[in-house]
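Sequences listed follow chains A and B, in order. Everything in the first sequence is counted per our numbering, starting at 115 for the first residue and increasing by one. Everything in the second sequence is counted per our numbering, starting at 146 for the first residue and increasing by one. We put the CB at the ideal spot given by N, CA and C, even for glycine. Since the model is a prediction, treat every value here as computed from it, not as a measurement.
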Amino acid sequence: GNSVTQMEGPVTLSEEAFLTINCTYTATGYPSLFWYVQYPGEGLQLLLKATKADDKGSNKGFEATYRKETTSFHLEKGSVQVSDSAVYFCALMGSGGYQKVTFGTGTKLQVIP
Amino acid sequence: KAGVTQTPRYLIKTRGQQVTLSCSPISGHRSVSWYQQTPGQGLQFLFEYFSETQRNKGNFPGRFSGRQFSNSRSEMNVSTLELGDSALYLCASSPDSTSYNEQFFGPGTRLTVL
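Have a look at this one:
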């Protein structure tokens, strides 16, 4: 079956530091890949997505590139802010329609001033 | 457009009781999925409904059930509650569950079983 593996947290960074959260996946075919973010006390919000190989998703300064050769979808941001403190989830939806979303375990990011 | 709404937001029950949670999807969305989120297990898929039909199901016992109404609103029911059912239950909607459509999540219902 499909699976998503993302780096363990928590990750603590100083404001303006560079962020990378690793995500690798296992799936047959050509899944779509997503990054969701969850702020304290809230549900998940879509941060960015990519639906085919070599696509780059981007939003709010975050980027991730769909790498089929390495089955990866690492999340990056050049300069984090305190307001980026949240839990980040990597996820995939299998190809072929009517597929459930498989989530990684989540990575908690804390940005300190 | 209003977002996904879930009611109630918080719920406290005791072991052995049953509970019903409600989810109203974004207008026009026909697919509703349910997830259980716990610190130990993360986000686990419960089931997905589309046009009143369950299309996908996760690995949960039969105590967990759901349904979807003709207006796409969905309910999930948990019978004979156990302590381990304490979790945040998230509902997500999408126009369909094809791979190009992201899911939009509600704020969740926090269930505590005592």
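Cβ of residue i within 8 angstroms of any chain A Cβ
i              : result
N204 (chain B) : no
G251 (chain B) : yes
S178 (chain B) : yes
Neighbour-count burial assignment, residue i, 16 or more Cβ in a 10 Å radius
i              : result
L259 (chain B) : exposed
G229 (chain B) : exposed
I157 (chain B) : exposed
F214 (chain B) : exposed
T198 (chain B) : exposed
P124 (chain A) : exposed
I135 (chain A) : buried
Between the CA atoms of residue j and residue i - distance to the nearest angstrom
i              : j              : result
N173 (chain A) : Y234 (chain B) : 27 angstroms
L166 (chain B) : L191 (chain B) : 13 angstroms
V196 (chain A) : G207 (chain B) : 43 angstroms
K191 (chain A) : M121 (chain A) : 16 angstroms
C236 (chain B) : V118 (chain A) : 20 angstroms
S231 (chain B) : T257 (chain B) : 5 angstroms
E220 (chain B) : Q151 (chain B) : 10 angstroms
T142 (chain A) : D169 (chain A) : 18 angstroms
G203 (chain B) : G157 (chain A) : 20 angstroms
R212 (chain B) : L226 (chain B) : 18 angstroms
S199 (chain A) : C137 (chain A) : 18 angstroms
Residues that residue i bridges to, as DSSP identifies them
i              : result
V164 (chain B) : B:V223
K158 (chain B) : B:V258
N201 (chain B) : B:E193
Cβ of residue i within 8 angstroms of any chain B Cβ
i              : result
K262 (chain A) : The structure shown has nothing for residue 262 (chain A), since chain A only spans 115 to 227.
G157 (chain A) : yes
T219 (chain A) : yes
V125 (chain A) : no
F187 (chain A) : no
K222 (chain A) : no
K163 (chain A) : yes
heavy atom of the ligand COA below 7 angstroms from residue i C-beta
i              : result
R175 (chain B) : Absence of the ligand COA is noted for the structure shown, with no ligands found whatsoever.
inquiry  = Runs of 3 residues minimum, wholly inside the region 126-158 of chain A: which ones carry the beta strand (DSSP E) assignment?
reply    = With a minimum length of 3 residues, the continuous beta strand (DSSP E) runs that stay inside the region 126-158 of chain A are 133-135, 137-140 and 146-152.
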